[in-house]
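Residue numbers (the UniProt record's numbering): 1 to 172.
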């Protein structure tokens, strides 16, 4: 088990759920609601798990992956992205399921999430794989998977101030 692989696997699940929703008839609000509720819960619990287990350790051992200047920079950007994802997901919930406005809000959420995943895969995950031991990746993977299983229906979504978060989690 490897936290970086678990994160990648969930990114695949998120991409698949967005794609599935896009293929459902707008009149089938039961299916749209069911898949959106699952996706929304996954987005929220995934972000929270990363913020609890992945990013604090990345801040301690990371050096900045690929085009990131530092682990702190890539982490601050990720926390900002998580806020954007939470906010765009909340905007989906404000619209009537299956409406044009709902699909537009869903598209904004998909964009925010897709941009984040691409950057995280290129920066944070690369940085972590280069700087964490296999044992640590396993140990954090167990914690990550356990948290996700315990929060299958989601977590309370709360935006965080990225600068404060990075400051609070910076290595001593």
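Heads up, the beta-carbon is just placed ideally off N, CA and C, and yes, glycines get one too.
Bear in mind that the values here come from a model prediction, so they are computed numbers and not experimental data.
Residue i: first and last residue of the uninterrupted alpha helix (DSSP H) it sits in
{"i": "residue 5", "result": "3-22"}
{"i": "residue 65", "result": "Neither: residue 65 is in no alpha helix (DSSP H) and is coded neither H nor E."}
{"i": "residue 135", "result": "134-150"}
{"i": "residue 45", "result": "29-49"}
{"i": "residue 81", "result": "71-93"}
{"i": "residue 114", "result": "100-122"}
{"i": "residue 164", "result": "162-169"}
Closest residue to residue i among the options (Cα-Cα distance)
{"i": "residue 51", "options": "140, 109, 99, 106", "result": "140"}
{"i": "residue 149", "options": "12, 133, 45", "result": "45"}
{"i": "residue 115", "options": "71, 130, 14", "result": "14"}
{"i": "residue 2", "options": "135, 151, 24", "result": "135"}
{"i": "residue 39", "options": "172, 113, 80", "result": "113"}
{"i": "residue 47", "options": "152, 105, 172, 99", "result": "152"}
{"i": "residue 85", "options": "111, 163, 72, 66", "result": "111"}
{"i": "residue 4", "options": "82, 69, 133, 18", "result": "133"}
{"i": "residue 173", "options": "54, 36, 145, 87", "result": "One cannot answer for residue 173 here, as it falls past the ends of the chain, which runs 1 to 172."}
{"i": "residue 137", "options": "55, 160, 75", "result": "55"}
{"i": "residue 157", "options": "18, 83, 147, 146", "result": "83"}
{"i": "residue 154", "options": "41, 167, 72, 73", "result": "41"}
{"i": "residue 20", "options": "169, 144, 103", "result": "103"}
{"i": "residue 117", "options": "77, 34, 144", "result": "77"}
{"i": "residue 168", "options": "49, 72, 12, 23", "result": "72"}
Cutoff 7 Å: residue i Cβ touching any chain D Cβ
{"i": "residue 90", "result": "Here there is only one protein chain, and chain D is not present."}
The stretch 57-65 / the stretch 28-41 touching (three or more Cβ pairs under 8 Å): no
The stretch 119-137 contacting the stretch 6-24, beta-carbon criterion three pairs below 8 Å: yes
Inter-stretch contact at 8 Å, needing at least 3 Cβ pairs: the stretch 83-99 / the stretch 126-134: no
Touching by the beta-carbon criterion (3+ pairs, under 8 Å), the stretch 155-162 and the stretch 102-109: no
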